[in-house]
Structure formats: C-alpha cells, structure tokens
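Here's the structure, in structure tokens; my notes come after.
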Amino acid sequence: MTSKAMIEILKNNFEFSEYLLQKFETVNDPYIIQRLYGIVFGACTKKETPYENEFQSLAEFIYSSIFDKEFNYPDILLRDYARLVIERFLIEFPRNSAKIDRLNIIPPYNSKPIPIVTPSTYSSSDSKRGGFDRIDTSIRPEGVGMYGDFGRYTFQSALNRFKNVDIENLYHYAMQYIRDELGYSDELFTEYDISCGHPLDRGRNHTIERIGKKYQWIAFYNILARVSDFHKLKGWGNSSDEEYKGAWEPYVRDFDPTLNCHFMLPLESLPEFNIEYNENFIEDIEVDNQQINEWILHKTSLFDMPLIYKDNDGIEWVLLYQHKEIKNQKDEVSDSFSWFCEGHQRMWRIVKAYFVKNSEFDSLKSNFEDREMFKKGIQAEVPSLYQVYNREFPWSPGVKEFVEDFWFNYNVETDEEEIKRRGEEIELVEKEEYVTVKVKKTLAKLLPAHIHFCWEEEHDASKKETISFDIPCPELLDKLHLVQKKYDGYFFSQDGDLVAFDGELTDTINGLIIRKDYLDQFLQENDLGIFWDFVGEKQYFTESPREQYYSRWKGFFWMVNSEILSDIDLDEQKLGSIDF
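Note that the sequence shown ends on residue 590 in the working numbering; no numbers are left out.
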C-alpha cells in the first residue's frame, strides 16, 4: 500500500520523480530501486498535467542511468519500468527533441553472462536449521533434491521458457549470489526469518516475508535479466524461437503500479439509467413437466432487450459486451453459495460486439441470413489479458505485441474439396492416413470490440482480490484517443467526456458500454460495421444438481443506419418427459 500511496502523491507532484530516483541512485538494494522505478512509472500514467519539461528531464535521466551504459542494470522488472517511462514520454511528446535513442531501450540488453559455478551443499548438517537453509528449501528446483514452491513454480517456471539454460547451475548460482554478493548471513537474519511462516506453506500468501525471501526475489530478477540477454525464448508448438521482448513474456510482472482499487468509483460523472427487466418465472410450488416445458420454450424478453440505452440526460450508450443473468432462487442459503436447487430458475444472455470492414459486411450478413453463422457460431475467444498493466492500453509495446493477433479470419466452407493429411483440425478416421475435407475461404476479418483485463498476481499485496473488468479493444481506444484519468477502468475523450466504462464496476448498467456518438465516429472514420454475437439460455433446475431442463438460443444483432436489427432462434433444448 505504501507504493500505491506514493504513486498517488507523485502524480500530482510529478516534478519530484527525477529527484526521487537521483536520491536513491547509489543505494545498493535492487529491491528498493526496482520498486521506485515502478512508482515513477505509475505516476507517469496517472498524472493529469503534461509536465513536458519535467518529463523530458526524467526520461533523459533514466536513459543515461539505465540504458546508455556498457552494461544495463541487471533487474528484469526495473528495466521494464524504465523502458515504459521512456516509451510513455515518446508517445506523449513525439516531436520533443530529447536525447534518447529508442533502439537502446529495446531488449535484449547488455550484461555479464551467468558463470558456471561449482555445486555446493547449503543445508546445515546439524538439527538447527537457519535462515539460509530456508532459502535453500524454498528456491530449490526439480532435480536437486526435494523442490521448493518458489524453486519450481516461480524460479524454474520462468527460466525454463528460455532455450539452453542449465536450471541446476542457475540454482547454485542463485544460492551463492545470495550468500556471497548480497551478503545474507544466518548470524544477522536467522532469528527473524525462522519466526516467519514456513517456506513450504503454500496455502498462505505472506504479505510480510522473510528477509531471505526478499533476497530470493532479488536473485531471481537479476538472473532473469541476464539470461534474457543471452538466450532466446522457446517457441510455442511449431513456432520458431523468439528474442525476449519484455517482461510480459515470460510473465514475471508482480505489481501493477497503474492500478489502484481505491480509485474505481467516479460517482460524480457516472450516467444514470432506468432499466427494467420484467421476467416471468414459475412461482407455483406444485408444477408439472408440461408447465415447465412451456416456460422453457417461451422466448424471454431478456433476449430481445435493446443494445442501445439512453441515460437520464438523453445521451445514448451502446453495449459492446454484456453477460446479464436473472435468477429466481427462493432459498437464500443456496443463492449465497451460488448453486441451484429444485425449482430454481435462471435465464441469461451474452452479447459480444465485433467490428468488420464495410466492404465485407454484406457477405457476412448473407451468411447470417443463410443460417450458416447461426449453426457454426463465431468460434473465437474474446482476448483476455493479464500480462500487461492497466494503463498500458493502447500505447505500450506489450499491448501492441498482443494486438497483432486480435483481428482474426472468419472462414466458411466452400463446395470444393481437397485431400489433407490427418491433423489436429481434422476428425480422426481409423486406418486412414488422408481424409477429404471441404476447402475453406475467408469471408471476413473480424475484430472483437472488447477485451477482458484481469490483474490477479498473487504477490501484489496492494490488493486483496483479483481485479478484472472489460474495456474497449485497443484499436478503438487508439483511434478515438481515449484515456483513463483519475479513475481506473473509465475512458475519457480529449475533451473530457466519459466515453466508455464497464458498468459492472459500479452496478450502473450490466455490461461494457460506449457513447453512441463516439462509436459512430469510430465506425465512420475507419469504414467499419458492427454486429453482435448472441447466446442465451433459460434453465429450470430439478432435484439433482446436475440435471436441468433448458433451452439454448443463438443469433445475431447488427446495425444498419443506426438501427439495430436481430435474428434470434431456438438452437437446442432439453425438456421434461410428459406421460400421456
């Protein structure tokens, strides 16, 4: 919490950012220096005044201190924060003539390679185990005796992403680095460290850690930085090996300095809506299957609820994503545990918006009308990002790395056929090496209109639980120049209008919404159309928790001349048997 408090102070006193880093420049504690750079980066993204001169001086200081050196500071997260500060400056002031060569801030960097060290034994031979023993117990990877949680799930997991690394040597180097260079001493630290939680206690997230655990983190980030300078990342599947590009891969970030759970409720600027859901549930205790089936098969008004809403000031807002659920649970105990008992009923709908080029929209609409897309569905997961910081959207190199994959092809089968070797996408046929499949063609390229942001890093003690919300896709944020200001998760125009936010954060409205005038501007300026994929269910729960009667509905909404049309039909059902 101290770090988050410092960010909130520094964002309004940004001129002290460089002074703060200079003040601690000669402190030989990487743990402190790393966090200070994180704090300064957080202030860079949350300040609401340009501070161009101060920002330029800060960026040039960081460039000369960290990047314009023979060897770069060997801490993977400090480098990450330092680069992001400079990247942010270059984005905000692209015409500024700062003395910065951007090529020098892009990894890989320069450092001294990890040496081959002589293996040793670090545990005490007597029955009295000290703090250094606890470090060894915690940081030991697989293959070197009994592994520790930190060793296997943090240390080894991240370093194994790199090619041709000797995990056992890195373990021995880490232990000797902690002892010989960082100066961990049983005489100084054992009494305190043995009073802390046991290193094998994985069931607790220790917000107050052993001093030895702090040294483990320092060694870990130091080794990661140097390994990333000399080793490529292993490719996934059949893909080729890649250069290390940033701390989002391998994912080793542990603290989001741009996100504060205490600044997520801007009550003074939220629109107000009056939305009513009038749903009919079966209220009778004694009910037969015929009544249940009739209720199941009746199309609920929830499915046809509009996607455009007017707030109390007359401003129109459009849903980009919604997962709306309405329940009829009479048993409050069951409701608190989120399970359903006999007689409970639920209906829900999920709508997801996608952008498509206008030149391809007519072909896509014909596919709607021919029911092909209805049968097949979109079959693409909406992106969910946990590897990047909240206020990196849409400008940072990490976000841009992921954005390249956001547009995807919607493929359809043609009447042509071809023979293919059996593979992952082809249904297996016994004793056949080749199969005949329909040739596919790309009907349109689609862009999900939203992404799901999630920050759940367990080592970030500034939050008590996972923070997640939906935001517009980076392309929309970029083209409309939307930014977060005082509050996290709320996007404003350059003129100060609140343009988009996830209503689930405040219970204002169910779903991610955007002002219609800004959405229209985005569509017109980029020659795009928009449609929504829809799926919904009605469920009636029976005596067995796993048994239910239900109807599943699918369809689409699309916009034509600012009017939204829809086509929703019954897709699947399971009904109760009726005795005649």
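Backbone N, C-alpha and C define an ideal beta-carbon position, used for all residues, glycine too.
Along the chain, where does the alpha helix (DSSP H) that runs through residue i open and close?
| i | result |
| --- | --- |
| Gly222 | Ile221 to Phe240 |
| Cys271 | Unbroken run through Cys271: none, as it is neither H nor E. |
| Ala108 | That residue, Ala108, is in no alpha helix (DSSP H); it is neither H nor E in DSSP. |
| Phe65 | Glu62 to Ile72 |
| Val50 | Pro40 to Lys56 |
| Ile19 | Thr12 to Leu20 |
| Leu31 | Ser27 to Lys33 |
| Ala390 | First-last for Ala390: undefined, no H or E at that position. |
| Met185 | Ile177 to Gln186 |
| Tyr91 | Ile86 to Glu102 |
Can the beta-carbon of residue i be found closer than 8 Å to that of residue j?
| i | j | result |
| --- | --- | --- |
| Met455 | Asn419 | The sequence given here places Lys at residue 455; Met does not occur at that position. Against a cut-off of 8 Å, the Cβ pair of Asn419 and Lys455 comes out as a contact. |
| Trp305 | His333 | no |
| Val366 | Gly565 | no |
| Trp258 | Gln397 | yes |
| Gln226 | Ser279 | no |
| Ile76 | Tyr83 | yes |
| Ser561 | Gln583 | yes |
| Leu275 | Leu374 | no |
| Ile524 | Val328 | yes |
| Ile218 | Pro40 | no |
| Gln66 | Ala92 | no |
| Gly222 | Arg144 | yes |
| Tyr331 | Leu522 | yes |
| Ile295 | Ile302 | no |
| Ser238 | Pro117 | yes |
| Ser394 | His462 | yes |
| Phe403 | Leu487 | yes |
| His272 | Lys173 | no |
Sorted by chain position, which residues of the same chain lie with C-beta nearer than 6 Å to residue i's C-beta, five sequence neighbours on each side aside?
| i | result |
| --- | --- |
| Pro260 | Ala168 and Arg171 |
| Asp146 | Tyr132 and Ser133 |
| Glu152 | Arg162 |
| Arg220 | Asp203 and Cys206 |
| Leu210 | Here the model assigns Leu210 a pLDDT of 49, short of 50, so the residue's position is not dependable, and the following value carries that caveat. There are no such residues. |
| Glu434 | Residue placement at Glu434 is poorly supported in this model, since its pLDDT is 48, which falls under 50; the coordinates are not used for a value here. |
| Tyr47 | Leu88, Tyr91 and Ala92 |
| Trp417 | Lys455 and Leu457 |
With DSSP as the reference, please indicate the residues paired to residue i in a beta bridge.
| i | result |
| --- | --- |
| Val493 | Phe502 |
| Ser478 | Cys464 |
| Trp258 | Tyr261 |
| Ala363 | Trp542 |
| Gln531 | Partner(s): none; Gln531 has no beta bridge. |
| Glu293 | Glu293 is not bridged to any residue. |
| Leu508 | Phe502 |
| Trp303 | According to the sequence as given, residue 303 is Asn; it is not Trp. The partner list for Asn303 (beta bridge, DSSP) is empty, contrary to what the question assumes. |
| Leu522 | Tyr331 and Asp512 |
| Lys138 | In the DSSP output, where bridge partners are listed per residue, Lys138 has none listed. |
| Phe551 | Gln558 |
| Phe418 | Leu456 |
| Ser587 | Answer is none; Ser587 lacks a bridge partner. |
| Phe412 | Note: Phe412 sits in no beta bridge, so no partner. |
Quick one: give me the first and last residue of the beta strand (DSSP E) that residue i is part of.
| i | result |
| --- | --- |
| Met569 | Gln558 to Val570 |
| Asn368 | Per DSSP, Asn368 belongs to no beta strand (DSSP E); it is in the alpha helix (DSSP H), Asn368 to Glu379. |
| Glu326 | Glu326 to Asn338 |
| Asp581 | Glu573 to Lys584 |
| Ala454 | Tyr444 to Pro458 |
| Ile318 | Ile318 to Lys320 |
Grab me the residues of residue i's own chain with a C-beta within less than 8 Å of its C-beta, minus the 5 sequence neighbours each way, in chain order.
| i | result |
| --- | --- |
| Arg212 | Only weak support is given to the placement of Arg212: the predicted model assigns it a pLDDT of 45, under 50, and the value that follows is read from those uncertain coordinates. Cβ within range, chain order: Asp159. |
| Ser27 | Leu20, Val50, Ala53, Cys54, Glu64 and Leu68 |
| Thr128 | His182 |
| Tyr364 | Ile388, Leu456, Leu457, Pro458, Ala459, Ile540, Phe541, Trp542 and Asp543 |
| Glu352 | Phe551, Thr552 and Glu553 |
| Lys450 | Asn421, Val422, Glu423 and Thr424 |
| Thr476 | Cys464, Trp465 and Glu466 |
| Leu580 | Leu307, Lys309, Ser561, Arg562 and Trp563 |
| Val4 | Lying outside 11 to 590, the shown extent of the chain, residue 4 is not represented and no answer is given. |
Within the same chain, show all residues whose beta-carbon is closer than 7 Å to that of residue i, passing over the 5 residues directly before and after it, in chain order.
| i | result |
| --- | --- |
| Phe165 | Ile149, Pro151 and Phe230 |
| Gln504 | His491 |
| Lys495 | Glu58 and Phe502 |
| Asp85 | Pro40, Gln44, Tyr231, Asn232 and Ala235 |
| Val154 | Glu178 and Tyr181 |
Run the proximity test for residue i: is its beta-carbon closer than 7 Å to any non-hydrogen atom belonging to the ligand ADP?
| i | result |
| --- | --- |
| Ile145 | Summarising the ligand content, the structure contains no ligands, and the ligand ADP is consequently not present. |
> Are at least three pairs of beta-carbons, each pair with one atom in the region 96-115 and one in the region 240-247, less than 8 Å apart?
Replying inline: No, the region 96-115 does not touch the region 240-247.
>> Can you confirm whether the region 311-324 touches the region 495-514 when touching is taken to mean that 3 or more C-beta pairs between the two stretches lie within less than 8 Å?
In response: Taking 8 Å as the limit for Cβ pairs, the verdict is that the region 311-324 does not touch the region 495-514.
>> Check whether the region 262-269 and the region 118-126 touch, using three or more Cβ-Cβ pairs below 8 Å as the test.
In response: Touching, no.
> Any contact of the region 477-488 with the region 563-583, i.e. 3+ C-beta pairs under 8 Å?
Replying inline: Too few Cβ pairs lie closer than 8 Å, so no.
> Between the region 509-522 and the region 279-295, do at least 3 Cβ pairs fall closer than 8 Å?
Replying inline: Three or more beta-carbon pairs drawn from the region 509-522 and the region 279-295 are found closer than 8 Å, and the two stretches are therefore classed as touching.
> So, do the region 445-452 and the region 423-430 have three or more beta carbon pairs nearer to each other than 8 Å?
Replying inline: Under the three-pair Cβ rule at 8 Å, the region 445-452 counts as touching the region 423-430.
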